[in-house]
Amino acid sequence: MTEKELNTLESALASTDPQAEINKACKKILCDRLQWDKQPDRTLRYLLEDVVNSMDFPIYPDEREILVPNVRKALAFGSLTVAGLCFTMSCKPLVRLLGGVAATVGGFKLSKSLNNVEKPVTFPSSEEIGGRVDAVYAALSRFYDYRQLDGHLIRILVWLQHLYSEDKSGELRASITRLLDLYGYKFVNMTPENSSDFEINKGNVSTAVTTEPAIYNDKGFAVCRGTAVIPKD
């Protein structure tokens, strides 16, 4: 959890609607992380983003502590209420008036003192919520483990792609091809149908030339873009 992410969560908690803002903040953090990973399996990434956007991140308030009513105060206000009611039966108008005021005030205070008192609702800290987000992200990231070479080890494929292109004898190419074939990868030259998987430059050539073939996985997705040269005209 980065400092920027924690600040986002703290701002959400301080908003007028923390539950809604926390939901939005957590989803954005997770979707941003999935994009920053630059995983080549875009279809899987989009599916994981859909999962994130359908999730809720509820804020569970801590259990509120119920305080025991103050018995002494309850007895005092009860006595005041009874005394006030008694005074209202007096034949003197002023005493009846004071008795009515005393009964009203005593009754109000008695009701307040008898009610259970609850501490204010407190929410988890940004660090606690951040820990939950990290746990969700770790679980989502495991979906990429089935294709490590496409993900965190993509540089290995790029390195093999360069070695393949630089080899002039063909012996290394054959070895690399056999190696990648074991893991379901293959080199593919450019064609009009797959040109979007290549970085294309114009040069002094009569026909299109693949200078570095793309690498495709067994799902038919180009995990490493290739390069090609096409005629200037």
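In our numbering, the protein residues as written are 4 to 236.
The C-beta atom is built at its ideal place from N, Cα and C for all residues, glycine as well.
Just how far apart, CA to CA, sit residue i and residue j?
i: E131; j: S18; result: 17 Å
i: K222; j: P127; result: 43 Å
i: P216; j: R135; result: 42 Å
i: S172; j: S144; result: 40 Å
i: F224; j: D20; result: 43 Å
i: C227; j: R181; result: 17 Å
i: V232; j: P195; result: 13 Å
i: D170; j: P234; result: 24 Å
i: N119; j: A142; result: Residue confidence is low: N119 scores 48 on pLDDT, short of 50, so the model does not pin down where it sits. No coordinate-derived value is stated.
i: T84; j: T125; result: In this prediction, T84 has a pLDDT of 48, which is less than 50 and means its spatial position is unreliable; nothing more can be read from the coordinates.
i: M214; j: G229; result: This sequence places Thr at residue 214; Met is not what is there. In a straight line, the C-alpha of T214 is about 8 Å away from that of G229.
i: V161; j: D53; result: 29 Å
i: E13; j: Y140; result: 19 Å
i: S168; j: R48; result: 30 Å
i: V55; j: S198; result: 33 Å
i: L9; j: I62; result: 16 Å
i: Q193; j: S209; result: Checking the displayed sequence, the identity of residue 193 turns out to be Met instead of Gln. Rounded to the nearest angstrom, the two C-alpha atoms are 15 Å apart.
i: I159; j: D236; result: 36 Å
i: R45; j: S57; result: 18 Å
Which whole-angstrom value describes the C-beta separation of residue i and residue j, a residue pair presumed to lie in contact below a C-beta threshold of 8 Å?
i: T5; j: A28; result: Not quite, the Cβ-Cβ distance comes to about 13 Å (not below 8 Å), so this is no contact.
i: L163; j: L185; result: No, L163 and L185 are not in contact; Cβ-Cβ is about 12 Å, not under 8 Å.
i: I25; j: L16; result: 7 Å
i: L37; j: L51; result: 6 Å
Measuring CA to CA, which of the options is closest to residue i?
i: D137; options: Q22, D35 and E24; result: D35
i: L166; options: I218, F60, S129 and A141; result: I218
i: A23; options: Y188, F60 and N192; result: F60
i: K7; options: A211, S57, S129 and V191; result: S129
i: N220; options: Y188, D40, S209 and R45; result: Y188
i: V191; options: N207, V212, V208 and G206; result: V212
i: K31; options: I159, G133, D236 and T46; result: G133
i: D40; options: I157, M58 and S57; result: I157
Let me check one thing: in DSSP terms, what residues is residue i bridge-paired to?
i: N204; result: V232
i: D29; result: Per the sequence presented here, residue 29 reads as Cys, with Asp not at that position. DSSP, once it has assigned bridges, lists no residue as partnering C29.
i: Y219; result: K189 and A225
i: T213; result: A231
Three or more beta-carbon pairs under 8 Å between the stretch 164–184 and the stretch 196–205, yes or no? Taking one beta carbon from each stretch, the stretch 164–184 and the stretch 196–205 have fewer than 3 pairs nearer than 8 Å; the two do not touch.
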